[in-house]
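Down below is the structure, laid out as structure tokens.
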Amino acid sequence: MKKDREQWTSRLGFILAATGSAVGLGNIWRFSYVAGVNGGALFLILYTAFILLVGYPLMVTEISVGKITSRNPVGAFKALSEGTPWWLVGALGVFAGFIILSFYSIVAGWSLAYVIKAVRGFGSDMDFAGTFVGHISSVWPPIIWHGIFMLITIGLIAMGVVNGIQRASKILMPVLFGLLLILIIRSITLPGAGEGIAFYLKPDLSELSFNTILAAIGQAFFSLSLGMGAMITYGSYLKDKEDVNGSAAWIAGLDSAVAILAGFAIFPAVFALNMDPAAGPGLAFITIPAVFAQMPLGYFFGILFFILLSVAAVTSAISLLEVVVAWVVDEKGWSRKKAALMLGGVIFLLGIPATLGYSLLSGVSFFGLDILDTYDLIASEITLPLGGLLMALFVGIKWKARSVREFANSAPGMIKIGKWYDVLITYLIPVMVGFVLIFGLISKFRG
Ligand code: PHE
Numbered sequence: 106m107k108k109d110r111e112q113w114t115s116r117l118g119f120i121l122a123a124t125g126s127a128v129g130l131g132n133i134w135r136f137s138y139v140a141g142v143n144g145g146a147l148f149l150i151l152y153t154a155f156i157l158l159v160g161y162p163l164m165v166t167e168i169s170v171g172k173i174t175s176r177n178p179v180g181a182f183k184a185l186s187e188g189t190p191w192w193l194v195g196a197l198g199v200f201a202g203f204i205i206l207s208f209y210s211i212v213a214g215w216s217l218a219y220v221i222k223a224v225r226g227f228g229s230d231m232d233f234a235g236t237f238v239g240h241i242s243s244v245w246p247p248i249i250w251h252g253i254f255m256l257i258t259i260g261l262i263a264m265g266v267v268n269g270i271q272r273a274s275k276i277l278m279p280v281l282f283g284l285l286l287i288l289i290i291r292s293i294t295l296p297g298a299g300e301g302i303a304f305y306l307k308p309d310l311s312e313l314s315f316n317t318i319l320a321a322i323g324q325a326f327f328s329l330s331l332g333m334g335a336m337i338t339y340g341s342y343l344k345d346k347e348d349v350n351g352s353a354a355w356i357a358g359l360d361s362a363v364a365i366l367a368g369f370a371i372f373p374a375v376f377a378l379n380m381d382p383a384a385g386p387g388l389a390f391i392t393i394p395a396v397f398a399q400m401p402l403g404y405f406f407g408i409l410f411f412i413l414l415s416v417a418a419v420t421s422a423i424s425l426l427e428v429v430v431a432w433v434v435d436e437k438g439w440s441r442k443k444a445a446l447m448l449g450g451v452i453f454l455l456g457i458p459a460t461l462g463y464s465l466l467s468g469v470s471f472f473g474l475d476i477l478d479t480y481d482l483i484a485s486e487i488t489l490p491l492g493g494l495l496m497a498l499f500v501g502i503k504w505k506a507r508s509v510r511e512f513a514n515s516a517p518g519m520i521k522i523g524k525w526y527d528v529l530i531t532y533l534i535p536v537m538v539g540f541v542l543i544f545g546l547i548s549k550f551r552g
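Residue numbering for the sequence shown follows my numbering, beginning at 106 and increasing consecutively.
Here is the structure:
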């Protein structure tokens with residue numbers, strides 16, 4: 106079934122690409138603010154549990170679906186179960202790709218704008234919250250940065266130079282990691298940081314609610330790039346001989362490590378600087394410059410940080426665009442260039458209301474959420490968990506867990522998955538994710 110398709114040149118190439126997809130704004134921007142809104146430590150525990158119980162098994166599943174079929178998400182389900190409606194699971198993933206990238210690119214645009222702001226200096230008044238609000242509530246600059254970010258993403262996908270980018274990330278991502286460590290040291294040594302560490306590590310069980318559980322599951326899916334076929338698509342470029350289980354462990358492990366470290370960089374500083382951990386989407390953009398302002402060489406580290414955050418965002422964004430591009434290239438026979446340009450253009454337009462929600466359309470809200478948060482809710486807390494749930498059902502009902510396990514274990518590699526996989530994917534994941542989705546959404550919409 107393998108046609109003339111490009112393939113990753115090595116196992117490392119695949120791991121880098123998939124880790125590049127996973128590690129992004131989700132680990133720093135989204136993780137920290139969602140954890141902040143949802144009680145800190147309790148959220149961290151739930152999130153970690155979902156990574157292990159739901160994230161890892163689904164990562165193995167998605168990579169296997171892609172690897173065995175060499176197809177985009179829609180084509181993969183068609184190939185595995187001809188003539189049934191299961192391809193709709195892939196279609197749901199493509200839908201999620203449009204929605205996620207449209208707001209992801211807005212936030213990535215904030216990050217690009219912050220590179221320039223960091224170069225110029227944030228001003229002596231140190232009003233980081235004011236700077237953030239000033240930026241997002243202006244009309245044109247966020248749209249222009251969103252456009253620049255989409256052009257970069259479209260260009261990389263159209264030219265197919267993705268492999269080169271991943272190789273650059275091999276150097277850049279460890280630097281980001283190192284910078285996070287520096288931020289952590291500064292953050293936890295600020296006077297008053299202890300309260301933040303407690304917030305992040307000492308769970309307050311009174312915060313437990315379906316809403317929090319749903320937020321944790323949504324974040325686990327978002328951060329690992331699961332539930333929408335990004336890992337199916339990347340798995341589809343994997344050679345037969347390459348290992349699945351070990352790669353999945355690397356990807357999930359590195360991704361969670363970056364997220365958890367970001368929390369240690371942000372929460373101690375939030376408390377030390379008397380900020381509100383539940384401040385929402387601006388949390389990282391307000392806190393991080395404030396921490397850099399408190400350290401020697403902070404000016405340079407700050408610039409470097411936002412450059413690296415933007416690079417991390419690019420390597421995630423290309424995986425989002427790749428899902429929708431692979432779909433029309435495989436299924437409709439479009440050229441890569443045309444697909445990248447046209448679909449990237451649609452995504453650009455779709456993103457505009459999300460940024461205008463902070464300026465011209467600031468009166469518009471759905472259940473108390475602004476437009477960007479509404480996109481995020483639809484994608485991250487509804488579509489991704491639903492997609493993951495349906496993929497697990499697909500394995501349970503159609504493909505059979507044992508066949509997936511045997512397929513994943515047939516590739517060389519140190520990690521072999523056991524029968525626990527069958528239990529998790531067939532029973533636990535569908536029941537648990539279904540339960541969290543239903544009760545989480547009920548509690549959300551009841552207010
Ligand atoms: N995982 C990416 C991040 O954390 C976002 C993403 C979600 C990418 C879904 C692909 C698919 O930033």
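Backbone N, C-alpha and C define an ideal beta-carbon position, used for all residues, glycine too.
Here residue 390 carries a helix assignment [DSSP, helix/strand/coil]. If you draw a straight line from the Cα of residue 439 to the Cα of residue 233, it comes to about 45 Å. About 5 Å separates the CB atoms of residue 367 and residue 133; that is less than 8 Å, so the two are in contact. CA-to-CA, the gap between residue 294 and residue 209 works out to about 32 Å. Nearest Cα to residue 359 within the set 129, 114, 112, 116: 129. Our two residues, residue 526 and residue 349, have alpha carbons roughly 14 Å apart in a direct line. Put simply, the backbone Cα of residue 290 is about 15 Å away from that of residue 300. In this model, residue 334 and residue 178 are separated by some 5 Å (Cα to Cα).
Close CB contacts of residue 173 within its chain, under the 7 Å cut and outside five residues either way in sequence, are with 512 (chain order). It is roughly 20 Å from the alpha-carbon of residue 131 to the alpha-carbon of residue 287. DSSP places residue 410 within a helical segment (H, G or I) once states are collapsed to three. The Cβ atoms of residue 432 and residue 220 do not sit closer than 8 Å to each other. Not one heavy atom of ligand 1 lies closer than 7 Å to the C-beta of residue 311. Residue pairing by DSSP puts residue 474 in a beta bridge opposite 471. DSSP, reduced to helix, strand and coil, places residue 162 within a helical segment of the structure shown. When the beta-carbon positions are compared, residue 449 and residue 255 come within less than 8 Å of each other.
Residue 514 sits close to residue 521, with the two beta carbons spaced by under 8 Å.
Put simply, the residues with a CB less than 6 Å from any heavy atom of ligand 1 are 126, 127, 129, 130, 131, 132, 205, 327, 328, 330, 333, 335, 421, 424, 425, in chain order. At a cut-off of 4 residues, the continuous stretches assigned as alpha helix (DSSP H) that sit fully inside the region 109–175 are 116–127, 136–142, 146–155, 161–174.
Straight across, the Cα-Cα distance linking residue 415 with residue 436 is about 31 Å.
Judged by beta-carbon spacing, residue 488 lies beyond the 8 Å limit of residue 181, meaning their Cβ atoms are not closer than that value. Residue 111 and residue 498 have their C-alpha atoms roughly 30 Å apart. Distances from the alpha-carbon of residue 500 to those of 533, 484, 306 put 533 closest.
In this structure, residue 336 sits near residue 167, with a CB-CB distance shorter than 8 Å.
Each of 375, 418, 281, 125 was checked against the Cα of residue 142, and the nearest Cα belongs to 375.
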